[in-house]
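Step one of this worksheet: look at the structure below.
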Amino acid sequence: ASFSQKTYAQRGEEHAHPLVKALFATMERKQSNLSLAADVSSKAELLALADTVGPYICVLKTHIDVVSDFDADLVKQLQALAAKHVCLSFDDCKFGDLGNTVKLQYGGGIYRIADWAHITNCHVIPGEGIIQGLAEVGMPKGRGLLLLAEMSSAGMLATGAYTDKNVEMAIANDFVIGFIGSRRFTEERDLITMTPGVGLHASGDALGQQYRTPKKIVTENGSDIIIVGRGIYGPGKDAVAEAKRYREAGWTAYLDRLGH
Ligand code: 5BU
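For the sequence shown, position 241 (counting from the first letter as 1) is numbered 242 according to full-length UniProt numbering, and the numbering increases by one without interruption.
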């Protein structure tokens with residue numbers, strides 16, 4: 002059977018990577034394939050959002066470099082919240098440089114992404130060396146990498162042969178656990194797809210973002226995790242109510258895919 006036809010629980014049992022096993026187990030237990038994109042610019046807002054929405058998500062996605070009062074204590078508190086709510090941390094930093102450079106960026110600097118983010122991602126524009134560089138830092142720590150096989154924005158250039166190359170590289174590299182993209186890309190091994198640009202109402206924003214529904218992404222396209230930001234915490238929204246709604250929509254779309 003296609004991976005899209007299997008339950009998250011079964012895929013977790015059959016998966017070789019401990020991080021992916023843990024992710025699928027969390028998804029099943031919390032009945033959530035929802036990741037929160039917590040793009041807020043202060044430490045207090047980020048911690049408050051992570052704590053209130055934490056019960057409804059499987060992955061907390063950050064852009065840690067947008068937090069204007071970032072400090073080491075923020076990381077400590079985020080780790081504690083991830084443990085409290087049993088969700089994984091994903092920093093969406095989209096590395097894109099030479100293997101040697103990304104090693105420095107991933108393991109060091111002020112953010113020390115590899116020390117706390119279970120998942121990160123990269124563009125493969127420099128070639129396979131970027132995966133090897135990140136793997137040297139992340140593999141010993143049990144981390145996982147997503148390749149940016151596609152993006153959600155209007156006019157994005159990751160298409161056709163470039164997307165296919167991402168898939169080839171993912172299959173060939175154990176450090177890669179999946180993709181950012183809009184669909185399931187391969188049946189060769191169980192690589193997860195996480196999809197940003199998901200919204201129940203808005204069709205996009207003024208800067209190129211495009212939204213599709215959980216039904217389109219999960220039921221029809223076979224993606225595994227929906228990533229939602231402003232649909233949950235945007236102006237005038239009740240973040241807990243919206244998180245519950247997106248969790249329900251994502252999970253229903255998954256059950257529909259299974260034919261339940
Ligand atoms: P939104 O508020 O739901 O539009 O937030 C989407 C998030 O996903 C935001 O953090 C983006 O940086 C991120 N994103 C995206 O929207 N599209 C992409 O192709 C990739 C990341 Br990769």
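Even for Gly, the Cβ is constructed at its ideal location relative to N, Cα and C.
### Query
Are the segment 33-48 and the segment 62-78 in contact at 8 Å, needing three or more beta carbon pairs?
When Cβ pairs closer than 8 Å are counted between the two stretches, the segment 33-48 is seen to touch the segment 62-78, the count reaching three or more.
### One or two residues paired with R213 in a DSSP bridge
Counting from 1 along the sequence shown, the entry for residue 213 is found at position 212. As computed with DSSP, R213 is found in a beta bridge with V199.
### Message
Could you pull the DSSP bridge partners for C123 from this structure?
### Response
The count along the sequence shown starts at 1 and reaches residue 123 at position 122. Answer by DSSP bridge pairing, in chain order: F96 and L148.
### Query
Is it the case that the Cβ atoms of R248 and L35 are separated by a distance below 9 Å?
Against the sequence shown, residue 248 aligns to sequence position 247. Against the sequence shown, residue 35 aligns to sequence position 34. Taking a C-beta distance under 9 Å as the contact criterion, R248 and L35 qualify as a contact pair.
### Task
Report whether the distance from the Cβ of I228 to the nearest heavy atom of the ligand SAH is below 8 Å.
Absent from the structure shown: the ligand SAH. Ligands present: the ligand 5BU.
### Query
The alpha helix (DSSP H) spanning F25 covers which residue range?
Counting from one through the sequence shown, the residue named residue 25 turns up at place 24. Taken as a continuous stretch (DSSP letters only), the alpha helix (DSSP H) holding F25 covers P19 to K31.
### Query
G179 lies in the beta strand (DSSP E); which residues open and close that run?
Numbered from its first residue, the sequence shown carries residue 179 at position 178. Run containing G179: V177 to I181, per the beta strand (DSSP E) assignment.
### Task
Using only the heavy atoms of the ligand 5BU, determine whether one of them is closer than 8 Å to the beta carbon of G232.
For the purposes of this step, residue 232 is identified with residue 231 of the sequence shown, where counting begins at 1. Checking the Cβ of G232 against the ligand 5BU gives yes.
### Task
Under 8 Å by Cβ, that's how I've got L37 and K77 pegged, so tell me the actual separation to the nearest angstrom.
Walking along the sequence shown from the start, residue 37 turns up at place 36. Walking along the sequence shown from the start, residue 77 turns up at place 76. Between K77 and L37 the Cβ distance is about 19 Å, and since that is not below 8 Å, they are no contact.
### Query
With contact counted as at least three CB pairs below 8 Å, one residue from each stretch, are the segment 135-146 and the segment 111-122 in contact?
yes
### Query
Among E151, I114 and G109, which one has its Cα closest to the Cα of I126?
Along the sequence shown, read from residue 1 onward, the residue named residue 126 stands at position 125. For the residues E151, I114 and G109, the minimum Cα distance to I126 belongs to E151.
### Task
Pull up the DSSP beta-bridge partners for T194, would you.
Sequence index remark: in the sequence shown, residue 194 carries index 193 (1-based). Per DSSP, F180.
### Task
Answer with buried or exposed for S153, where buried requires no fewer than 16 other C-beta atoms within 10 angstroms of its C-beta.
What you label residue 153 is simply residue 152 of the sequence shown in a count that begins at 1. S153 comes out buried.
### Query
Just how far apart, CA to CA, sit A17 and R190?
Position 16 of the sequence shown, counted from the first residue, corresponds to residue 17. Position 189 of the sequence shown, counted from the first residue, corresponds to residue 190. If I take the Cα positions, the gap works out to 10 Å.
### Message
the ligand 5BU and M140: does any heavy atom of the ligand fall closer than 8 Å to the residue's C-beta?
### Response
In the sequence shown, the residue the question calls residue 140 occupies position 139. Not under cutoff, so the answer is no.
### Task
Report yes or no: is there a C-beta of chain B within less than 9 Å of the C-beta of K95?
The structure shown contains no chain B, having only a single protein chain.
### Pair within 9 Å by beta-carbon distance, residue 266 and I172
With the chain covering 2 to 261 only, the question about residue 266 has no answer from this structure.
### Assigned secondary structure, A118 (DSSP; H/G/I helix, E/B strand, else coil)
On the sequence shown, position 117 is the one that residue 118 refers to. DSSP, read as helix, strand or coil, puts A118 in coil.
### Rounded Cβ spacing between H124 and G100 (contact assumed at less than 8 Å)
Taking the first residue of the sequence shown as 1, we reach residue 124 at position 123. Taking the first residue of the sequence shown as 1, we reach residue 100 at position 99. With 8 Å as the limit, H124 and G100 do not qualify as a contact, their Cβ atoms being about 13 Å apart.
### Where the beta strand (DSSP E) containing K62 begins and where it ends
Residue mapping note: residue 62 aligns to position 61 of the sequence shown, counting from 1. V60 to T63 is the extent of the beta strand (DSSP E) around K62.
### heavy atom of the ligand 5BU below 8 Å from G235 C-beta
The residue labelled residue 235 in the question sits at position 234 within the sequence shown. Result yes, Cβ under 8 Å from the ligand 5BU.
### Task
On the DSSP bridge assignment, give the partners of L89 in chain order.
The sequence position of residue 89 within the sequence shown is 88, counting from 1. Bridge partners of L89 according to DSSP: V60.
### Query
Are T27 and V87 touching if we call contact CB-CB under 9 Å?
Counting from 1 along the sequence shown, the entry for residue 27 is found at position 26. Counting from 1 along the sequence shown, the entry for residue 87 is found at position 86. Against a cut-off of 9 Å, the Cβ pair of V87 and T27 comes out as a contact.
### Task
Could you tell me which of Y9, S43, L20 and D40 sits nearest to R30, measuring between CA atoms?
Here residue 30 refers to the residue found at position 29 of the sequence shown. Checked all of Y9, S43, L20 and D40; the closest Cα to R30 is Y9.
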